[in-house]
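Peer 1: Residue 1 is where the sequence shown starts when you use this note's numbering, and the numbers rise one by one after that.
Here a beta-carbon is modelled for each residue, glycine too, at the ideal position from N, C-alpha and C.
Can you read through this structure? Questions will come right after.
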Amino acid sequence: MKKIGILVFAAAFVIGLVVTNIFSSEIFGKPLIKFDLGFGSIKGSGHVVEEKRDVLNFNAIDVGGVFAVESVYGDTTSVVVVADDNLLPLIETEVQGGTLSISSTRRLKSDQRLLIRVTSPAIERVETSGASSVSLSNPSREKLEIDMSGASKVTASGQTSALKADMSGASKLFAFELEASGAEIDGSGASRAEVNAGRSLVSSLSGASRVVYAGSPSEIRSDVSGASAVSAR
Numbered sequence: 001m002k003k004i005g006i007l008v009f010a011a012a013f014v015i016g017l018v019v020t021n022i023f024s025s026e027i028f029g030k031p032l033i034k035f036d037l038g039f040g041s042i043k044g045s046g047h048v049v050e051e052k053r054d055v056l057n058f059n060a061i062d063v064g065g066v067f068a069v070e071s072v073y074g075d076t077t078s079v080v081v082v083a084d085d086n087l088l089p090l091i092e093t094e095v096q097g098g099t100l101s102i103s104s105t106r107r108l109k110s111d112q113r114l115l116i117r118v119t120s121p122a123i124e125r126v127e128t129s130g131a132s133s134v135s136l137s138n139p140s141r142e143k144l145e146i147d148m149s150g151a152s153k154v155t156a157s158g159q160t161s162a163l164k165a166d167m168s169g170a171s172k173l174f175a176f177e178l179e180a181s182g183a184e185i186d187g188s189g190a191s192r193a194e195v196n197a198g199r200s201l202v203s204s205l206s207g208a209s210r211v212v213y214a215g216s217p218s219e220i221r222s223d224v225s226g227a228s229a230v231s232a233r
């Protein structure tokens, strides 16, 4: 019975592909019936445009996928999406609970960067995943919390009293230009953090994660395992 079930499934799958191919065949250069099964990615047109989005105030950013975010200080919040014109409707920028969430309804592919330009008075938290990247200029002076996974990257500059980063996967934090009084790093996998700590540096590392620090912190506490390490610049 199990073999029969497998054969029936395989036959149904093949028939489905054939039927889809038939109904998607072109007549006079145009598809008779075009099926969109949701597989694959949507290719950008190559015509890059800017679109300003109306959003509520926010102090946190959550981004995944392949988006590149550039965040700078400003008296008011604003969001501008720079992408291929046919991809714009598929890029979502929504604010809930003070967090700007950036995502897409489909997999996107473009020869250009899918850029989100952000302005905010005080970014306090950033969450990244996938292959996304975030550039932060002058975030909150009180605190900055960063949660990273996948192959995401964050670059930060400015000043803050407390920096806290939770990192996993192959994520990378470049923050030599961010002067932090205290820095706390929790890293795993092959993550890497470059930080500038003036007073204290606390690290908890596993796997092959690494912390490289600038500054002259008077307090350095490290809990490391595996091939992980903490070292001065």
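#1: According to DSSP, is residue 178 part of a helix, a strand, or is it coil?
#2: When the distance is taken between beta carbons, is residue 127 closer than 9 angstroms to residue 80?
#3: For residue 108, does the three-state DSSP call read helix, strand or coil?
#4: Do residue 107 and residue 41 come within 9 angstroms of each other at the CB atom, strictly closer than that value?
#5: Which runs of the beta strand (DSSP E), 3 residues or longer, sit entirely within the stretch 153 to 178?
#6: Where residue 60 and residue 116 are concerned, what is the direct C-alpha to C-alpha distance, given to the nearest angstrom?
#7: Among 62, 77 and 199, which one has its Cα closest to the Cα of residue 53?
#8: Which ranges does the beta strand (DSSP E) cover as unbroken runs of at least 3 residues, wholly within the stretch 69 to 111, from first to last along the chain?
#9: What residue from 87, 101 and 43 has the CA that sits closest to residue 55's CA?
#10: How far does the beta strand (DSSP E) with residue 131 in it reach, from first residue to last?
#11: On the CB-based measure, 16 or more other CB atoms within 10 Å of its CB, does residue 172 come out buried or exposed?
#12: Given a cut-off of 9 angstroms on the beta-carbon distance, is the pair residue 210 and residue 232 in contact?
#13: Under DSSP, the beta strand (DSSP E) around residue 223 begins and ends at which residues?
#14: Which whole runs of the beta strand (DSSP E) in the stretch 190 to 216 are 3 residues long or more, in chain order?
#15: Answer yes or no: do residue 200 and residue 181 have a C-beta to C-beta separation smaller than 9 angstroms?
#16: Take the Cβ of residue 226 as the centre, count every other Cβ of all protein chains shown within 10 Å, and call the residue buried at 16 or more, exposed below.
Peer 2: Quick look at the numbers:
#1: Strand at residue 178.
#2: Not a contact, by the Cβ cut-off of 9 angstroms.
#3: Strand.
#4: Cβ distance < 9 angstroms, so residue 41 and residue 107 count as in contact.
#5: Secondary structure in the stretch 153 to 178: the beta strand (DSSP E) runs of 3 residues or longer, each lying completely within the stretch, are 153 to 167 in chain order.
#6: A direct Cα-to-Cα measurement between residue 60 and residue 116 gives close to 14 angstroms.
#7: It is 77.
#8: Complete beta strand (DSSP E) runs here, min 3: 78 to 84, 91 to 96 and 99 to 104.
#9: For residue 55, the nearest C-alpha among the options comes from 101.
#10: In the DSSP assignment, residue 131 falls outside any beta strand (DSSP E) and carries neither an H nor an E.
#11: Residue 172 counts as buried, since at least 16 other C-beta atoms from the protein chains shown sit within 10 angstroms of its C-beta.
#12: Going by C-beta atoms, residue 210 is not nearer than 9 angstroms to residue 232.
#13: It spans 219 to 224 - the beta strand (DSSP E) in which residue 223 sits, taken as one unbroken run.
#14: The qualifying runs are 192 to 205 and 210 to 214.
#15: Taking C-beta atoms as the reference points, residue 200 and residue 181 count as a pair closer than 9 angstroms.
#16: Exposed, by the Cβ-count rule.
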